[in-house]
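Residue numbering for the sequence shown is 1 to 269, as defined by the UniProt record's numbering.
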Amino acid sequence: MVAFSGSGDSKQATNAYKDKSKPAEIRKSNISAAKAVADAIRTSLGPKGMDKMIQSANGEVAITNDGATILKQMNVIHPAAKMLVELSNAQDVEAGDGTTSVVVIAGALLEASEKLLQKGIHPTGISDGFQKAASKSIEIIKNMATPILLTDRESLVKSASTALNSKVVSQQSSLLAPLAVDAVLKVVDPAKDTNVDLKDIKVIKKLGGTVEDTKLVDGLVFTQKSSNVNGPRKIEKAKIGLIQFCISPPKTDVSNIKYIIILYPKKIQ
Numbered sequence: 001m002v003a004f005s006g007s008g009d010s011k012q013a014t015n016a017y018k019d020k021s022k023p024a025e026i027r028k029s030n031i032s033a034a035k036a037v038a039d040a041i042r043t044s045l046g047p048k049g050m051d052k053m054i055q056s057a058n059g060e061v062a063i064t065n066d067g068a069t070i071l072k073q074m075n076v077i078h079p080a081a082k083m084l085v086e087l088s089n090a091q092d093v094e095a096g097d098g099t100t101s102v103v104v105i106a107g108a109l110l111e112a113s114e115k116l117l118q119k120g121i122h123p124t125g126i127s128d129g130f131q132k133a134a135s136k137s138i139e140i141i142k143n144m145a146t147p148i149l150l151t152d153r154e155s156l157v158k159s160a161s162t163a164l165n166s167k168v169v170s171q172q173s174s175l176l177a178p179l180a181v182d183a184v185l186k187v188v189d190p191a192k193d194t195n196v197d198l199k200d201i202k203v204i205k206k207l208g209g210t211v212e213d214t215k216l217v218d219g220l221v222f223t224q225k226s227s228n229v230n231g232p233r234k235i236e237k238a239k240i241g242l243i244q245f246c247i248s249p250p251k252t253d254v255s256n257i258k259y260i261i262i263l264y265p266k267k268i269q
């Protein structure tokens, strides 16, 4: 009879449980990858932020300081770094701005977490501390915030101008800010709506001209060319017909035709 003892396996499992170097290495790797993403777009933050020139794989070149746009063009592989990219995209969908700030703040929090981990503080304690700090920060921000009504157009224009100060078109903020505010006010009800569906606002870009040529059109804009050189380019109070059937001439079904007879003009006469 042969008996096997499991004491060796139990001892090995106990040693593996006590060895905390592996989890620490994983946390350090995740923090380093996330900090690298934050550092890549840190210099594009704020009114003095620098624009980035990005060349995609197909050769297209884009110049922007928008965090979400920059991160979309980056080939991020590390899972922790991808989380920051998704964080920026979520911020873009939810608020439409602050895509760079949210990544830079997340990178700073992770850098602070790394210092706390080196002091032996447990990750759970760090997470709880961040949750309490976030709740307190929201409370302070709400007390500092100034409520703005959708009927206060002047304050809305000032807010839009502030958001444009960090963009390439900051010098044209006095022109673009009122256009943006008027476009939003045309698609929302100030008494009811609190969110704006950006699908109701269409931005059409045309080559040539300058930013000063930008204008707001209260209606529909078609990118097709006019069928006639002297044809109308703008129609007001146009009548629109909704047709649910095909208006082109019916096509003959030639799938079942076996013979085709061609008659020459002389024979027809």
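C-beta atoms are modelled at their ideal positions from N, C-alpha and C, and glycine is treated no differently.
Sheet register partners of residue i (DSSP bridge)
i	result
Q55	V61
Where the alpha helix (DSSP H) through residue i begins and ends
i	result
residue 271	Summary: the structure shown does not reach residue 271, with the chain confined to residues 1 through 269, and so no result is reported for it.
G46	That residue, G46, is in no alpha helix (DSSP H); it is neither H nor E in DSSP.
G197	It should be pointed out that residue 197 corresponds to Asp in this sequence rather than to Gly. Here D197 belongs to no alpha helix (DSSP H), and DSSP marks it neither H nor E.
V104	99-118
A95	Neither: A95 is in no alpha helix (DSSP H) and is coded neither H nor E.
M144	123-144
V157	153-164
V184	173-187
T214	Careful: T214 lies outside any alpha helix (DSSP H) and carries neither H nor E.
T252	Segment: none, T252 is in no alpha helix (DSSP H) and carries neither H nor E.
T69	67-73
Whole-angstrom distance between residue j and residue i, CA atom to CA atom
i	j	result
I201	K186	9 Å
A36	G107	8 Å
F222	N30	48 Å
T124	S135	17 Å
D172	K251	What sits at residue 172 in the sequence shown is Gln, not Asp. About 54 Å.
G120	R27	13 Å
L216	I247	33 Å
N58	L207	21 Å
N75	I54	12 Å
M83	V203	30 Å
D218	K237	12 Å
E86	V157	30 Å
Q224	V61	27 Å
G241	S155	40 Å
D128	I105	17 Å
P249	I257	20 Å
T210	K192	36 Å
V168	K22	45 Å
I243	L220	18 Å
I138	E111	21 Å
N195	K115	40 Å
H122	K199	45 Å
F245	V229	29 Å
K205	D253	43 Å
A95	K239	37 Å
Same chain only: Cβ atoms within 7 Å of residue i, ignoring 5 sequence neighbours per side
i	result
G98	Q91
I235	none
A68	S88, N89, D92, T99
M144	none
A163	D97
Cβ neighbours of residue i in the same chain (closer than 6 Å, five flanking residues each side left out)
i	result
S113	I126
S161	S173, A177
H78	A33
G231	none
K132	none
Cut-off 8 Å between Cβ atoms - residues of its own chain near residue i, not counting five sequence neighbours on either side
i	result
K52	I41, S44, I63, T64, N65, I70
T151	P190
E212	Q172, L175
P47	N165, S166, S170
D197	V187
G49	T43, N65, T100, S166
Expected contact under 8 Å - CB spacing of residue i and residue j to nearest Å
i	j	result
S226	R233	6 Å
S56	Q73	6 Å
V184	R153	Contact flag wrong, Cβ pair sits at about 10 Å.
A81	A34	6 Å
T146	L179	Contact doesn't hold; Cβ gap of about 23 Å is too wide.
A38	V103	5 Å
F130	L109	7 Å
I141	S159	Not quite, the Cβ-Cβ distance comes to about 15 Å (not below 8 Å), so this is no contact.
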